[in-house]
Every structure is written in C-alpha cells, then in structure tokens.
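Engineer:
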Amino acid sequence: MARPVDWQPLADGDPVPGSVKDIEDEVGHMEKVAKKLRDQADKLHKIAKKEGLKGKYSDKLTEGAAALGKKLDQTAERYEGVKKHLSGWAEDLRSVQAAADDALDLAKTDKEQAEKDLKKATDRYHNQADHYASLIEKAIDDDPLTDSWWDNVKDWVDKNADWLKVVIEVASYVATALAIAAIFVSGIGIGIVLAAGIAVLVARVVMAAAGQGSWADVALDVFALATMGLGRGAVTGLKAGQAATRAAAAAGAKKAATSTAKNGMSKAYGQAGRTLASKSASKAQKRAAREAIEQADALAAKAGAGAETVAAKAPLPKVGKMDIIKAGGDKDAAVAYKDIMKTRAAYAEHGGVHAASQGAEEYLRHSQQVFIAGQGIDLGGKALGASDTVTDKPYFEPFQDYKNMYTAEVGSTW
262 MARPVDWQPL ADGDPVPGSV KDIEDEVGHM EKVAKKLRDQ ADKLHKIAKK EGLKGKYSDK
322 LTEGAAALGK KLDQTAERYE GVKKHLSGWA EDLRSVQAAA DDALDLAKTD KEQAEKDLKK
382 ATDRYHNQAD HYASLIEKAI DDDPLTDSWW DNVKDWVDKN ADWLKVVIEV ASYVATALAI
442 AAIFVSGIGI GIVLAAGIAV LVARVVMAAA GQGSWADVAL DVFALATMGL GRGAVTGLKA
502 GQAATRAAAA AGAKKAATST AKNGMSKAYG QAGRTLASKS ASKAQKRAAR EAIEQADALA
562 AKAGAGAETV AAKAPLPKVG KMDIIKAGGD KDAAVAYKDI MKTRAAYAEH GGVHAASQGA
622 EEYLRHSQQV FIAGQGIDLG GKALGASDTV TDKPYFEPFQ DYKNMYTAEV GSTW
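Residue numbers in the sequence shown follow this note's numbering, run continuously in steps of one, and reach 675 at the last position.
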C-alpha cells in the first residue's frame, strides 16, 4: 500500500519515512547470500577433511580450505545476525507507519488527538530506529569476523563522502588557482603549488580506492603533476645553461680585461724586455726589469679578476608577467632565459658564451608545452566534468560517463 503524500495539517512531509518492502527485500537477499556462504563453507570443510580426495595434489587442495571455510561461516553469521535485526525493524516500521496513517485519518475529525497520536508514533519510530541500528552495529562489532584497517577507512569515507567530495573539489580549484597566481604574485613558489597538487592527488586516490571517486580524476591529477615535474626539468636545464653562460662570460671578461691591461702597459713591458735582453745592463737593472714585468702581470691579473667578478655577479634581469607566461608560468625559467639571452647579446663574438647558451630556446619551448598541456588537462577536466560543489553546473555528459566508467573500489582481504 502506497504511503500518504500529503501530511497536512499534521506535518509538511512523511514523519515516519521508510519502505518496509525494500527492507524485506534486503532481508530476503541477505538470507540467500547467507545460505550460499554456508553451502560453500560446507564444501570447503569437506575438502579440508579430504573427503573424496585422492592423489598427489590432495594435500595442496586442502591447504587453507579449513581456514577459508571458517571465514565463510563467520561471514554467514554476520549476514544472519543483521538479517534478524532488519526483520525486526521491518515489523516495527510497519506498525509505526500504520499508527501514523491512522493519526492522519483522525486529523479530519480530531486534530488535537491526531497530533498526540502522531507524536507517539514518531517517538517510537526514532527510538526503534536507534535501537535496531545499535543492535546491528553491536552484531557486527561482536562477531568474530574482523574488518581490516582498509574496511574501516572505506566505511569512514562512505559515511563522510558528501562533504569530502566538496572539500576535495574546492582544494583542487585552490591548487589550480595557485598555479595560475604564481605567475602574477611573488611569494607563491613551485613548492606550494606542488604541495597543494599532491595533497589533492592523495585525497582522490583514497576516494577512488573507497569507491567514492573516479580513477579518471586520479589519472588527470597524475598527468598534471607529471607535467609540472617535466616543467621543473626544463627549468633546471635553463638554470644550468644560465650558470654555464655566465661562467663563459666571466672567463671571457677576464681574458679580455687581462689582455687590455697588458696592452695598456706595452711600453713598460717593452722597456723591461729590452733591459733584460741588453748585454750592457747591470744586474740591478735586470732585477728591476723583472720586478716591473711582475708588477705589470699582477696589475693585469687584478684587472682580469675584477672584470670576471663583475661579469659573474652582474644583476639578474627583471621579468614581467608576459615573460613568465612565455616561460611556461615559471618565474625562475623566465629569469634564466632572459639572462642567457642578455649575456649572449653582450658577448656576441665570444664562442664560449655562444656554445654555453645553446639549448636555451629548446628548454623554453619544453617549459611552454608542458605548462599548456598540464593546465589544459586540468582546466578542461574541470570545465567538462560535473561538480560536487555546484550541483547544477553544466557538464559534457560523454566525458562524465567516461569518468564514471572508472569508478571502482579496491577490495579488502581477510
């Protein structure tokens, strides 16, 4: 018999909801499962006793059969215990709903008494619901079948799935926002972005393993993090190129400054050389000539070292937002690339600098590609998929169906 829909003037909706038929159907299903488990357990016990088994493989067939049979018996006991309490709840629910229905009929003639009767029915409904829930929970806790730690995790996730999905989705959007904000806001380093992405990935792995999330979402997050890692590889390459280019420039500056200084002291070098070559020069004069050369060498070396230091410690170029975007969203990459190009232009004729700067363009393109791929996959997945936070968000149904295909929990073991 269908339940009343309009509960006015006693209530806005059904005060004692529930389907007795659905509960009884579940009881019947559990009874069948328990019987099948018992049947399989009996077969395993017979195998364990080697009933009807002969041959060299009989020992292997009996290994573990007794233990598994015992586990199946324990599982059957759990089904039978829960079934018993569900049957009791079905009977009480039928009685309570009948009382509530009578109160609704009485409201047509005696509303005050109907309200009292309905309150008794609803009080009993809640008391009995709590009573049977407690019995079922106790039956599960007290039976010899022990849930694994993963069963407990899945149970907790199942009970809290609704708000967990919202939190994870919001965290995912925060991680995406951080990745984009890092382009424009100083202080948001790659470490913060990576930490946020990894936290979301770990949460989604747990949800998917518990059957409350899609492994497709996990795959998308893994791809996004992998591209971020590949992008860091490009940044590392650019930084290495920057260091090599600066080193080559410093070496070139040192050599040029040393040569220039010596050319500036060519007269002193010439004078000292002639003195050393002269047969008529005294020992004192030749000693003075050698000291003059040493002093000139020292001055040239000092000039070269100074130029080397200036080149090595040249200030880094400033980069704008477009420079960072062109470098794949990474400020370090943008600075390194711009510094390489600046140094290459300043030492255009220096072969060492040119050689050291080779590959910078390739690393920049690589950084751009992985950034576009990662952000494209991330933003595309968010745009095309359904939302747990904004439930009426439009989504691309084939894409969501594809994600739902990969929703499967990871089972537990005894």
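Built from N, CA and C at the ideal position, the CB exists for glycine as well.
1) Rounded to whole angstroms, what's the CA-CA distance from Y530 to G620? Just pull it up for me.
2) If distances are taken between C-alpha atoms only, which option among R507, G590 and A533 comes closest to A572?
3) In this structure, does DSSP put G342 in helix, strand or coil?
4) May I have the straight-line CA-CA distance separating D363 from W350, to the nearest angstrom?
5) Run the CB neighbour count on D273, radius 10 Å, all protein chains shown included, and call it buried at 16 or more, exposed below.
6) So the alpha helix (DSSP H) F632 belongs to, where does it begin and stop?
7) Please report the straight-line C-alpha distance between V431 and T650, rounded to a whole angstrom.
8) Which residues mark the beginning and the end of the alpha helix (DSSP H) in which E658 is found?
9) What is the DSSP secondary structure of E246, reduced to helix, strand or coil?
10) Check for me: the alpha helix (DSSP H) holding R551 runs from which residue to which?
11) Three-state secondary structure (DSSP) at Q269?
12) Would you please state the rounded distance, in angstroms, between the beta carbons of S628 and V496? I believe it to be under 8 Å.
13) Does the Cβ-Cβ distance between Q389 and V277 come in under 8 Å?
14) With C-beta atoms as the reference, is A512 less than 8 Å away from G641?
15) Can you tell me whether A471 is helix, strand or coil according to DSSP?
Structural biologist: Let me spell this out:
1) Within the sequence shown, numbered from 1, the residue matching residue 530 stands at position 269. Within the sequence shown, numbered from 1, the residue matching residue 620 stands at position 359. Cα to Cα, the separation comes out at about 43 Å.
2) In the sequence shown, counting from the first residue as 1, residue 572 sits at position 311. Measuring from the Cα of A572, the nearest candidate turns out to be R507.
3) Counting from one through the sequence shown, the residue named residue 342 turns up at place 81. Note: G342 maps to helix in three-state DSSP.
4) Indexing the sequence shown from 1 puts residue 363 at position 102. Indexing the sequence shown from 1 puts residue 350 at position 89. Rounded to whole angstroms, D363 to W350 spans 20 Å at the Cα level.
5) Position 12 of the sequence shown, counted from the first residue, corresponds to residue 273. Per the 10 Å Cβ criterion, exposed.
6) To locate residue 632, count along the sequence shown from 1; it is residue 371. Note, F632: alpha helix (DSSP H), A621 to L645.
7) Here residue 431 refers to the residue found at position 170 of the sequence shown. Here residue 650 refers to the residue found at position 389 of the sequence shown. Those two C-alpha atoms are separated by around 8 Å.
8) Within the sequence shown, residue 658 is the residue found at index 397, counting from 1. Here the alpha helix (DSSP H) through E658 covers E658 to M666.
9) The structure shown does not extend to residue 246, since the chain is modelled only from 262 through 675, so no value can be given for it.
10) As a first step, residue 551 must be located in the sequence shown, where it is residue number 290. R551 -> alpha helix (DSSP H) spans K544 to A573.
11) For the purposes of this step, residue 269 is identified with residue 8 of the sequence shown, where counting begins at 1. Of the three classes helix, strand and coil, the one that applies to Q269 here is coil, per DSSP.
12) Residue mapping note: residue 628 aligns to position 367 of the sequence shown, counting from 1. Residue mapping note: residue 496 aligns to position 235 of the sequence shown, counting from 1. Correct: roughly 7 Å between the Cβ atoms.
13) In the sequence shown, the residue the question calls residue 389 occupies position 128. In the sequence shown, the residue the question calls residue 277 occupies position 16. Contact: no.
14) Mapped onto the sequence shown, residue 512 falls at position 251. Mapped onto the sequence shown, residue 641 falls at position 380. No; because the gap between Cβ atoms is not below 8 Å, this pair is not in contact.
15) Within the sequence shown, residue 471 is the residue found at index 210, counting from 1. It is coil, neither helix nor strand.
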